[in-house]
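Quick note, the sequence shown lines up with residues 1 to 57 if you use the UniProt record's numbering. Here a beta-carbon is modelled for each residue, glycine too, at the ideal position from N, C-alpha and C. Structure first, then comments.
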Amino acid sequence: MQTVIFTREYRHQQDALRTAIYPPGEFEVSNELATAAKKAGALKVSPKPRKAKADGE
1 MQTVIFTREY RHQQDALRTA IYPPGEFEVS NELATAAKKA GALKVSPKPR KAKADGE
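Encoded structure:
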């Protein structure tokens with residue numbers, strides 16, 4: 001499980017008859033759902049942390 005932030009409405013097809021609809025906002029979801037939403041471009045992307053530079057570089 002992980003906490004994600006949806007930037008837009010995201011519809012996740014659970015099976016042939018059911019679809020889960022997530023409005024924009026913060027939710028705790030399964031890793032599978034988080035991966036699918038990320039591929040669909042529905043998640044807020046946080047900037048990647050920079051590596052600290054060593055002195056003298």
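| Asked | Found |
| --- | --- |
| Check residue 9 in the structure and name its three-state DSSP category. | coil |
| In whole angstroms, what is the alpha-carbon distance linking residue 42 and residue 17? | 22 Å |
| If you compare alpha carbons, which of 7, 32, 34, 44 is closest to residue 23? | 7 |
| Quick one: grab the DSSP three-state call for residue 33. | helix |
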